[in-house]
Amino acid sequence: QVQLVESGGGLVQPGGSLRLSCAASGSIFSNYVMAWYRQAPGKQRELVAHITFDGTTNYADFVKGRFTGSRDNAKNTVYLQMNSLKPEDTAVYYCYARRPIEPTGYWGQGTQVTVSS
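Following my numbering, the numbering of the sequence shown begins with 338 at its first residue and continues without gaps.
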């Protein structure tokens with residue numbers, strides 16, 4: 338089992354940047370595929386970025402070119418660099434971890450990102 342703690346959210350103006358972090362503990366981090374999801378009020382949770390074991394990242398179309406996902410297996414941490422933020426990026430951002438051999442994964446508690454002037 339792995340525990341996930343997100344940080345780095347906050348209030349930012351449109352066009353600004355934030356860097357989210359997700360620290361993992363309790364298991365071998367490098368065994369987990371990682372992902373960032375987000376959920377806006379009244380909307381379903383949606384995938385933002387998917388990060389494989391070696392750091393290869395795939396992005397949802399709505400963040401391509403603006404967000405960058407990465408992981409540091411030595412620090413048991415995954416990151417989401419968010420640039421050129423838009424009001425529609427406002428949401429709670431969640432970190433997710435899953436070992437491919439397991440049917441379900443683990444969620445962090447989420448961190449609020451608010452993009453507003």
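Quick reminder that beta carbons are idealized off the backbone N, C-alpha and C, glycines included.
Just so we're clear, the structure is a prediction, and the values are computed from it rather than from any experiment.
Residues near residue i by beta carbon distance below 7 Å, same chain, minus five either side
| i | result |
| --- | --- |
| S459 | Since the first residue shown for the chain is 338 and the last is 454, residue 459 is missing from the structure and cannot be characterised. |
| T405 | Q418 |
| A428 | R375, Q376, A377, V450 |
| L348 | T451, S453 |
| P424 | P351, V452, S453 |
| R436 | N368, Y369 |
| G442 | Y433, A434, R435 |
Residues sharing a beta bridge with residue i, DSSP
| i | result |
| --- | --- |
| Y374 | L384, Y431 |
| G347 | V450 |
| N410 | Paired residues: none, contrary to the question. |
| T405 | Q418 |
Nearest residue (CA-CA) to residue i, options the options
| i | options | result |
| --- | --- | --- |
| N410 | S344, L422, T393, K401 | T393 |
| S354 | V370, S421, F399 | S421 |
Coil, strand or helix - residue i by DSSP
| i | result |
| --- | --- |
| S358 | strand |
| V452 | strand |
| N368 | helix |
| V339 | coil |
| F390 | coil |
N-terminal and C-terminal residue of the beta strand (DSSP E) that residue i is part of
| i | result |
| --- | --- |
| T420 | Note on residue identity: the sequence assigns Asn, not Thr, to residue 420. Looking at the DSSP string, N420 is not in any beta strand (DSSP E), and its letter there is neither H nor E. |
Nonlocal neighbours in the same chain, by C-beta distance under 8 Å from residue i, ignoring five residues either side
| i | result |
| --- | --- |
| R356 | G345, Y416, L417, Q418, M419 |
| E383 | Y374, R375, Q376, A397 |
Own chain partners of residue i with C-beta closer than 6 Å, once the 5 adjacent residues on each side are dropped
| i | result |
| --- | --- |
| W444 | Y431, Y433 |
| D426 | V452 |
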